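Asks: In the working numbering, the protein residues as written are 4 to 193. First, the structure itself, so that you have it in front of you.
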Amino acid sequence: MLSYQHYVENFEAQNLAPQLDSFSIYHEDFYTRKQVGSSVGVMISDKMEENLYKKLIHAGFKVAVFPNIDYAVVSSFPLKNQYSLAVAVYRIYPRLKQYIKANRLCAHPIMELYTKDTVYFIAPLSKQFDFYAEEALPVYDGSSSEFEDEPVIDEYECSKCHYHQNALIKQCCCDPLLHSSSCDRRKRAL
């Protein structure tokens, strides 16, 4: 379940830039639904007003550049009133989970893109860790101990992003045969 803090931050982003599309990225274990982190923000372009850009930075938002999504599991739902998002989450997430599991896909993190009249649910099938905030990526100790491959476990918190490092490391639950080809978790861990 999402925290109240997440909704406050998303509301803040929409209030600062109401003309821009907003997004949420949920870093969670998709099979247990345990949330291990989230990021919220607005989609900006190079042609954005300097004043608006400064206002977002001053409010504590960070600039992140996401790659183009080559392949993803995508669904959408119309936003007609204030209850539409609750209905969308109730209807879309179970179907996304079922589709990903039935097709043995490695699709994470789950992103929601909010436009004026539609919410898009997007789960990338490649470049997954390019969508995680820097604070959410596994951190490895540089020592030469026998536990060299074990990550440093810590809680991270930055403005607009909240993560629990240990839970994120166990994020991917995909089939071992598909894991190396459809998920870049191992590439980041090396």
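Cβ coordinates follow ideal geometry from the N, Cα and C atoms, glycine included. This structure is a prediction, so every number in the text was calculated from the model and none was measured.
(1) In whole angstroms, what separates the C-alpha of V43 from that of A67?
(2) Indicate whether the contact test is met: 3 or more Cβ pairs, each with one atom in the stretch 47 to 54 and one in the stretch 91 to 107, closer than 8 angstroms.
(3) Tell me L2's beta-bridge partners as DSSP assigns them.
(4) Using a Cβ-Cβ cut-off of 8 angstroms (strictly less than) and excluding sequence neighbours within five positions of T121, which residues of its own chain qualify?
(5) Between which residues of its own chain and D152 is the CB-CB distance below 7 angstroms, once the five residues before and five after are set aside?
(6) Could you check the C-alpha separation between R98 and H30 for me, to the nearest Å?
(7) Using the rule of at least 16 other Cβ atoms within 10 Å of the residue's Cβ for burial, across every protein chain shown, is E53 buried or exposed?
(8) Any idea which residues DSSP pairs F80 with across the strands?
(9) Under 8 angstroms, do A105 and P127 count as touching if we go by C-beta distance?
(10) Would A20 be called buried (16 or more neighbouring beta carbons within 10 Å of its own) or exposed?
(11) Return helix, strand or coil for V90, following the three-state DSSP convention.
(12) Please determine, among V76, S41 and I60, the residue with the shortest C-alpha to C-alpha distance to Y123.
(13) I need the straight-line Cα distance from I72 to S129, nearest angstrom please.
(14) Please identify the residue among F134, K57, Y102 and Y117 whose C-alpha is closest to the C-alpha of Q17.
(15) Between Q131 and L55, what straight-line distance do the alpha-carbon atoms span, to the nearest angstrom?
Replies: The structure says:
(1) For the purposes of this step, residue 43 is identified with residue 40 of the sequence shown, where counting begins at 1. For the purposes of this step, residue 67 is identified with residue 64 of the sequence shown, where counting begins at 1. The alpha-carbon separation between V43 and A67 amounts to approximately 11 angstroms.
(2) no
(3) Past the boundaries of the shown model lies residue 2; the chain is included only from 4 to 193, so the question cannot be answered.
(4) On the sequence shown, position 118 is the one that residue 121 refers to. So the qualifying residues of the chain are S79, F80, P81 and L82.
(5) Residue 152 sits at position 149 when you count from the first residue of the sequence shown. Reliability fails at D152, whose pLDDT of 44 lies under 50, so the model's placement of it is uncertain and no value is given.
(6) If you number the sequence shown from 1, residue 98 lands on position 95. If you number the sequence shown from 1, residue 30 lands on position 27. R98 and H30: Cα-Cα distance of roughly 18 angstroms.
(7) Working through the sequence shown from its first residue, we reach residue 53 at position 50. Counting C-beta atoms within 10 angstroms of its own C-beta, E53 has fewer than 16 neighbours from the protein chains shown and is therefore classed as exposed.
(8) Taking the first residue of the sequence shown as position 1, residue 80 is located at position 77. V122, per the DSSP bridge assignment.
(9) The residue you call residue 105 lines up with position 102 of the sequence shown. The residue you call residue 127 lines up with position 124 of the sequence shown. No, they are not a contact pair.
(10) Taking the first residue of the sequence shown as position 1, residue 20 is located at position 17. That one is buried.
(11) Taking the sequence shown and counting its residues from 1, one reaches residue 90 at position 87. In the structure shown, V90 sits in a helix (DSSP, three-state: H, G or I).
(12) As a first step, residue 123 is located in the sequence shown; it is residue number 120 there, counting from the start. Nearest C-alpha to Y123: V76.
(13) For the purposes of this step, residue 72 is identified with residue 69 of the sequence shown, where counting begins at 1. For the purposes of this step, residue 129 is identified with residue 126 of the sequence shown, where counting begins at 1. Distance between the alpha carbons of I72 and S129: 8 angstroms.
(14) For the purposes of this step, residue 17 is taken as residue 14 along the sequence shown, with counting starting at 1. Minimum Cα distance to Q17 is reached at Y117.
(15) The residue you call residue 131 lines up with position 128 of the sequence shown. The residue you call residue 55 lines up with position 52 of the sequence shown. C-alpha separation (whole angstroms): 29 angstroms.
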